[in-house]
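Working notes, structure below.
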Amino acid sequence: MTPPEKLLEIIETQPQMTVGDLVTHYSNSHGVPIAEAAKHVYRAWTREEIRLEPVPKKNLVQYINSIHGFRLWTVVAFFSLTLATNFILPQGPPFIYLRYTTGVLSVVLLPGATLVDFLYPHGDDLEPIQRLIYSIGLSLALTTLIGFILNYTPEGIRASTAILSLALITTGITLLTIRRNYRAGKTP
44 MTPPEKLLEI IETQPQMTVG DLVTHYSNSH GVPIAEAAKH VYRAWTREEI RLEPVPKKNL
104 VQYINSIHGF RLWTVVAFFS LTLATNFILP QGPPFIYLRY TTGVLSVVLL PGATLVDFLY
164 PHGDDLEPIQ RLIYSIGLSL ALTTLIGFIL NYTPEGIRAS TAILSLALIT TGITLLTIRR
224 NYRAGKTP
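What follows is the structure, given as structure tokens:
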């Protein structure tokens, strides 16, 4: 019996097992080291002899706390760094260069990139250069719109209000994208 046939036999007896359980069961029942069993499972999967399905998340919080929420946590970490470079770290060299870098990226790239992800959810909808160009264009449009709105608030346009507004808008768009992907059952 070949390794794929042995794997299929195990899968037929217990169809709802995880990959880790499959590797362990295969290793124990056939006396193969775990690393070798994992190679057999991987080879069978790459040759499409077996099909592995992701375990669906029960709710949106589990979905966000899995690898699918990586985009959200990246946005939150980046804007946390931006806030830290503007309000906590000293304003002299070398921290000022980090402030310039995070400021430019948070104004010119990140808001538009999250909006492009929301508008074009499939990776093959746009070429990478199109995604970059749309991201920059939409970022500048969003930033201008936020500045226009902030101009008419009592707080006005200041660094703190601009950064917080950009962070809230970008995080909100990212949350909407993740929620839509969760409802559609899409994996990145």
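Be aware that the sequence shown starts at 44, since it is given in the numbering used here, and climbs by one per residue. For glycine and all other residues, C-beta sits at the position ideal for the given N, C-alpha and C.
In angstroms, rounded to a whole number, what distance separates the CA positions of residue i and residue j?
i, j, result
"Leu169", "Thr117", "22 Å"
"Asn194", "Tyr163", "31 Å"
"Thr67", "Ile107", "28 Å"
"Pro58", "Gly166", "31 Å"
"Thr196", "Leu188", "13 Å"
"Ala146", "Glu92", "Sequence inspection shows Gly at residue 146; the Ala mentioned does not correspond to that position. Looking at the two C-alpha atoms, the distance is approximately 49 Å."
"Asp64", "Ile53", "10 Å"
"Asn71", "Thr144", "53 Å"
"Lys82", "Thr89", "10 Å"
"Ile110", "Ile221", "11 Å"
"Arg94", "Thr45", "17 Å"
"Ile176", "Gln134", "31 Å"
"Gln173", "Ile192", "28 Å"
"Glu96", "Ala156", "29 Å"
"Pro171", "Leu185", "21 Å"
"His73", "Phe113", "37 Å"
"Leu132", "Leu148", "18 Å"
Mapping DSSP to helix, strand and coil, what is residue i?
i, result
"Asp160", "helix"
"Ile131", "coil"
"Thr196", "coil"
"Gly63", "helix"
"Lys101", "coil"
"Thr45", "coil"
"Ile107", "helix"
"Leu175", "helix"
"Glu52", "helix"
"His68", "helix"
"Glu79", "helix"
"Ile233", "With the chain running from 44 to 231 in the structure shown, residue 233 is simply not present."
"His73", "helix"
Are the beta-carbon atoms belonging to residue i and residue j less than 8 Å from one another?
i, j, result
"Leu158", "Ile216", "yes"
"Leu209", "Val150", "yes"
"Leu219", "Phe161", "yes"
"Val84", "Val62", "yes"
"Phe138", "Thr128", "yes"
"Ile179", "Leu152", "yes"
"Pro154", "Ser123", "no"
"Gly190", "Ala205", "yes"
"Tyr69", "Leu50", "yes"
"Thr214", "Val75", "no"
Just checking, does the segment 218 to 226 make contact with the segment 100 to 120 on the three C-beta pairs under 8 Å criterion? Yes, they touch.
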